[in-house]
Structure formats: C-alpha cells, structure tokens
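In the working numbering, the protein residues as written are -2 to 98. Cβ atoms here follow ideal geometry from the backbone N, Cα and C, with glycine treated the same way. What follows is a set of notes on a single structure, which appears directly below.
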C-alpha cells in the first residue's frame, strides 16, 4: 500500500490525517480516514527504526559506563512508549475500517 491518497491531500487535509491517526478519532471525510490508514504502516516503521537505534545507543553507553547513559536510557523509554502508542493508534484506525465494512 502506498501513500497515494495521503499525497493527494492538501496541507490542511494532511493535518486532519495526522489528527485522525494519532488521536484515533475517525474523521467525517472518508478520504482522510483512508489516508490515515495508509499513513499507519509508515509511522509504525519509522518509530520502530528510531526506537531500535536508541536501544542500541543506550546499550552501548550503559556498557561503557558513559555519563550520557541515563539520558539515552530515558530517551529509549520514551521511544518505547511512542512505539506502543503508534501500535495502539494503528489498531484503532484499522478497527474503525473494520466496523464500517
């Protein structure tokens, strides 16, 4: 699935797509809802990659007993929470599609 619908949206529609995806509330426009479903896998992929990178950095800093280890660990915890939230938002937006069909 590509981002065809998302790319065809105007700036204000893209803001509505992000609002619909991250809040989990369905929009009145089916175009916005479809674009939010298209956006979901990309958001999940990007947040997963960032989280993985932070885990690697935190582990290396903790292993070296670096002074920045606590900062990297805190960032990793925040990234893990963000990953959980992204998965939850994606499930919610996909569940609204299932309820409609």
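Boundaries of the alpha helix (DSSP H) harbouring residue 16: 8 to 20, taken from the DSSP string. By alpha-carbon distance to residue 2, the top candidate from 35, 25 and 17 is 35.
Excluding its 5 nearest sequence neighbours in each direction, residue 29 has C-beta neighbours in its own chain below 8 Å: 6, 10, 13, 14 and 17, listed in chain order.
Between the C-alpha atoms of residue 66 and residue 93 there is a straight-line separation of about 41 Å. Separation of residue 63 and residue 32 (C-alpha to C-alpha, rounded to the nearest whole angstrom) is 43 Å. Taking a C-beta distance under 9 Å as the contact criterion, residue 86 and residue 26 do not qualify as a contact pair.
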